[in-house]
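Q: Let me give you the structure first, and then I'll get to my questions.
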Amino acid sequence: MLPAAFALIPFGLVCGVAAAGVGATPLEMLGLSAIVFSGAAQILATQLYAAGAPVAGIVLGCFVIGLRLAMYSAAMAPQVASLPVRWQRLLAFLLTDQAFAAAIRRFEAGDDKRPAASHFLGGGVVLWGGWQLTNAAGYFAGNAIPASWSLDFAVPLCFIALLAPLLRERAAIAAALTAAVAVVLLAALPMRLNIIVAGLAGIAVGALVATAHARRKGLR
Amino acid sequence: MSDPVWKLWAVIVLVGAANYLTRLSFIELLSRRSVPPLVATALRYVAVAMLTALVLPMVLTAPAGLALAGNPRVPAAIVAGVVAYFTRSMPWTLAAGMGALWGWQAALG
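Top to bottom, those sequences are chains A and B.
Per the working numbering, the very first residue in the first sequence carries number 1; after that it's consecutive.
Per the working numbering, the very first residue in the second sequence carries number 1001; after that it's consecutive.
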């Protein structure tokens, strides 16, 4: 999980800068990084907060963007089913894009899930700790980073690293194309609702194409 | 800032709670029952659809506003996407994307 931890340094810095940008106190900055512990949600929450969105709108937006974590949860569920419930609840807190991507293969490879769980736990704690440090560094020293470095570009790059490898089946490509067209066409919607609506449209089209494809296969 | 002082804390606590419950959702539920097939199918496309909707505005929106032509973020994102597709590596994707962006900016000058 160490490469993932290093790759998250610029992302954490940007989240810290974003917290400073909305006038968060140091304690609020720490609350964002330690409790929310999700770059995508932190960025969206600060953007919506700065745009003056109501609390309910911010929570809804972050919830929808966080729905991909439910997919990770579903994939992890059979892997951790044999572990004590207390462990499951702790592992769930550390379930991020990076931790999931790094851990799932190790879980699927072994019959005894405890070594993989220990690895996930250790890696997850390192990611969490590193996340607090990089967020704090961005919050306190973000102004020292020259704007010409375009460090904020690291945020979409982290998502592209997760997104591009998924585009290997027809339904996933259809879902991405739908979301892409919708998010541009609906750019005028307030409070960045275009992101949420486009995401939901993409999910629907992806499920539709996958279902139709499975049915056609069944007939053959 | 005219917002009440508790507003950001309300956001932090509620978003944090929603995030945790989402992460816990199926780990907690699946040990007892199974997901309906349509929900399972839809969940498979959450990541790809949400990430696309999240990424595209970040790439298309240059610091000065929405821009396609002359926006070095577009070619840099394409380079990063190709590298990510073949390497599945976050460090290589970051290096390729930032390198392409800096190279493009230097070339434009």
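We put the CB at the ideal spot given by N, CA and C, even for glycine.
On a predicted model such as this, the values are computed, not experimentally measured, just so you know.
For the 8 Å Cβ check, are there 3 or more pairs between the region 195 to 206 of chain A and the region 171 to 183 of chain A?
A: Result yes; three or more Cβ-Cβ pairs closer than 8 Å.
Q: Do B:Ala1018 and A:Val55 come within 7 Å of each other at the CB atom, strictly closer than that value?
A: Not in contact: A:Val55 and B:Ala1018 (Cβ atoms no closer than 7 Å).
Q: Under 8 Å by Cβ, that's how I've got A:Ala99 and A:Gly123 pegged, so tell me the actual separation to the nearest angstrom.
A: A:Ala99 to A:Gly123, Cβ: 6 Å. Contact.
Q: Which bits of chain A does B:Trp1110 rub up against, with CB to CB less than 8 Å?
A: Nothing can be reported for residue 1110 of chain B, as the shown portion of chain B is limited to 1001 through 1109.
Q: Given this structure, state the Cα-to-Cα distance separating B:Met1098 from A:Pro3, to the nearest angstrom.
A: Going from the Cα of B:Met1098 to the Cα of A:Pro3 covers about 16 Å.
Q: Compare the C-beta of A:Ser150 against all C-beta atoms of chain B and say whether one is closer than 7 Å.
A: Cβ-Cβ to chain B under 7 Å: yes for A:Ser150.
Q: Using a beta-carbon distance below 7 Å, is A:Arg215 in contact with chain B?
A: No, because no Cβ of chain B sits closer than 7 Å to the Cβ of A:Arg215.
Q: As an exercise, report each continuous beta strand (DSSP E) stretch of at least 3 residues that is fully enclosed by the region 121 to 175 of chain A, in chain order.
A: Qualifying beta strand (DSSP E) stretches: none in this window.
Q: By the 10 Å Cβ neighbour count, where 16 or more other Cβ atoms means buried, how is B:Trp1006 classified, buried or exposed?
A: Burial call: exposed.
Q: What residues from chain B crowd round A:Ala180, counting only those whose CB sits closer than 7 Å?
A: Going along chain B in sequence order, the residues near A:Ala180 (Cβ under 7 Å) are Thr1052 and Leu1056.
Q: Please confirm whether A:Phe11 and A:Val155 have their CB atoms less than 7 Å apart.
A: Yes, these two residues count as a Cβ contact at 7 Å.
Q: Using the C-alpha atoms, what's the distance from A:Phe120 back to A:Ile9?
A: In a straight line, the C-alpha of A:Ile9 is about 19 Å away from that of A:Phe120.
Q: Closer than 7 Å, CB to CB, is A:Gly206 near chain C or not?
A: Annotation note: the requested chain C is absent from the structure, which comprises protein chains A and B.
Q: With burial defined as no fewer than 16 other Cβ atoms inside 10 Å of the residue's Cβ, what is the status of A:Val14: buried or exposed?
A: A:Val14 is buried by the Cβ-count criterion.
Q: Counting only C-beta atoms, is B:Ile1078 closer than 7 Å to chain A at any point?
A: Chain A contact via Cβ: absent.
Q: Given that B:Gly1097 touches chain A, what residues does it touch there, using C-beta distances under 9 Å?
A: Near B:Gly1097 (Cβ distances below 9 Å), the residues of chain A are Phe153, Ala154, Pro156, Leu157, Ile160 and Ala161.
Q: Just verifying my parser: in three-state terms, what is the DSSP assignment at B:Thr1061?
A: Strand at B:Thr1061.
Q: Counting along the chain, where does the alpha helix (DSSP H) carrying A:Pro26 start and finish?
A: Here the alpha helix (DSSP H) through A:Pro26 covers Pro26 to Gly31.
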